[in-house]
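Inspection log for the structure reproduced underneath, given as structure tokens.
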Amino acid sequence: MASLEEVLSVFLDQVESVSAGISTEDRKRITKAEAKVFKNEVEQVTHDKHYRNRKTGADPHLADSVLMQSNRNGTSSVGWDYSKSRQGHLIENGTKFPLYTANGRMHKNAGQVAIRGDHFVRKTRQNKRVQKKMLQAGAAEYSQIVRERGDN
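Structure representation (structure tokens):
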């Protein structure tokens with residue numbers, strides 16, 4: 003029978019081979035799965051809180067403009083493109099003196115209308131239910147990677 007030290011040593015070697023041996027491509031797959039969940043949640047909360055029924059033409063709503071990007075270093079990002087990021091920033095953080103309306107027109111009394119910050123992205127990021135869903139998606143992708151490698 004093996005001693006406790008030998009069992010723990012074997013266990014530690016197995017954990018290190020799986021965790022430290024993860025490549026950038028595998029890390030990218032895991033963070034991409036987590037980012038998909040976060041993207042869906044941000045789209046949903048943006049649609050629920052800040053969606054107005056109006057004709058937008060070629061310019062989509064903020065809720066329809068959420069993007070996800072996988073980076074070379076294995077991380078993933080969720081946000082808006084440059085044209086929509088300003089609107090998202092103003093809604094998220096608010097401003098004391100906005101000069102322009104959401105469609106780019108100047109306010110009648112520019113700099114005298116305040117927008118109260120909603121912090122909807124931060125609240126979504128800190129939501130325990132969303133964090134749990136993201137971790138579950140990452141764990142599912144991680145277990146798929148381990149199965150593909152043939153490790154236990």
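For the sequence shown, our numbering assigns the number 3 to the initial residue and increments by one for each residue that follows. Note that beta-carbon positions come from the ideal geometry of N, C-alpha and C, so glycine has one too.
Delimiting residues of the beta strand (DSSP E) encompassing residue i
i: L69; result: 68 to 72
i: S78; result: 78 to 82
Residue i burial status per 10 Å Cβ neighbour count (16 or more: buried)
i: V123; result: buried
i: R31; result: buried
i: T26; result: exposed
i: A139; result: buried
Any non-hydrogen atom of the ligand NAD closer than 8 Å to residue i Cβ
i: G96; result: Although the ligand NAD was asked about, the structure shown includes no ligands whatsoever.
Straight-line Cα distance separating residue j from residue i
i: A141; j: E36; result: 9 Å
i: W82; j: V47; result: 14 Å
i: R107; j: V17; result: 57 Å
i: R74; j: A4; result: 43 Å
i: S85; j: K125; result: 23 Å
i: R151; j: D50; result: 41 Å
i: R89; j: G96; result: Reading off the sequence shown, one finds Gln at residue 89, where the question assumed Arg. Spanning the two alpha carbons is a distance of roughly 10 Å.
Span of the alpha helix (DSSP H) around residue i
i: A60; result: Unbroken run through A60: none, as it is neither H nor E.
i: T26; result: 26 to 52
i: L137; result: 130 to 151
* Three or more beta-carbon pairs under 8 Å between the region 136 to 147 and the region 78 to 86, yes or no? -> no
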